[in-house]
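Counting in the working numbering, the sequence shown runs from 923 upward without gaps.
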Amino acid sequence: MRLSAKVEYACMAVLELGMRYHDNAPVQLTEIAGAQEIPEKFLTQILQRLKAAHLVGSARGMAGGYFLTKDPADITLADVVKAVDNSLFDIQSEAEIAGGPKGREIVLRKWSSISSCMAGQLDDVTFEDLISSLKNEQLTYYI
């Protein structure tokens, strides 16, 4: 499976805001885009979706920008994915799976099971976890 650019950029934007969460200052769109190499036009659309999901807030004015509305420890990968591309969590109902060729039914049941597992895994990873991993990576020295 592959992440869509929308999901990937949304995660990167939330990660960037999460790393600056304790600064208590909004981060301008150009700073987020530059730090994470995200096209600004695309980032604007993504931040609007994150804002609609109440994960991100914004402030206007010269010192304005974007900020997380919750602590990174309270935001999961699943939260961000649901905000920008909820179709990844679409699981077919029993009625949709039943009927038709048995091979199709078996494949769809297995796919549904895998999707449920993936959703659970995404729910278990917070942005605080990702920030900690990133900080640990930066502190690793290779000789």
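C-beta atoms are modelled at their ideal positions from N, C-alpha and C, and glycine is treated no differently.
Identify whether Val929 lies in helix, strand or coil by the three-state DSSP scheme.
By 1-based counting over the sequence shown, the position of residue 929 is 7. Val929 falls in the helix class under three-state DSSP.
Which residue or residues does DSSP assign as beta-bridge partners of Ser980?
The residue given as residue 980 occupies position 58 in the sequence shown. Partner(s): Tyr988.
For Leu1044, which residues from the same chain have a beta carbon less than 8 Å from its beta carbon, with the 5 sequence-adjacent residues on both sides left out?
The residue labelled residue 1044 in the question sits at position 122 within the sequence shown. Answer for Leu1044: Thr998, Leu999, Ala1000, Val1003, listed in chain order.
Beta carbon of Leu990, beta carbon of Thr966: below 8 Å?
Counting from 1 along the sequence shown, the entry for residue 990 is found at position 68. Counting from 1 along the sequence shown, the entry for residue 966 is found at position 44. Thr966 sits away from Leu990, with the two beta carbons spaced by 8 Å or more.
Per DSSP, cross-strand counterpart(s) of Thr998:
One-based indexing of the sequence shown puts residue 998 at position 76. DSSP lists Thr1048 as partners of Thr998.
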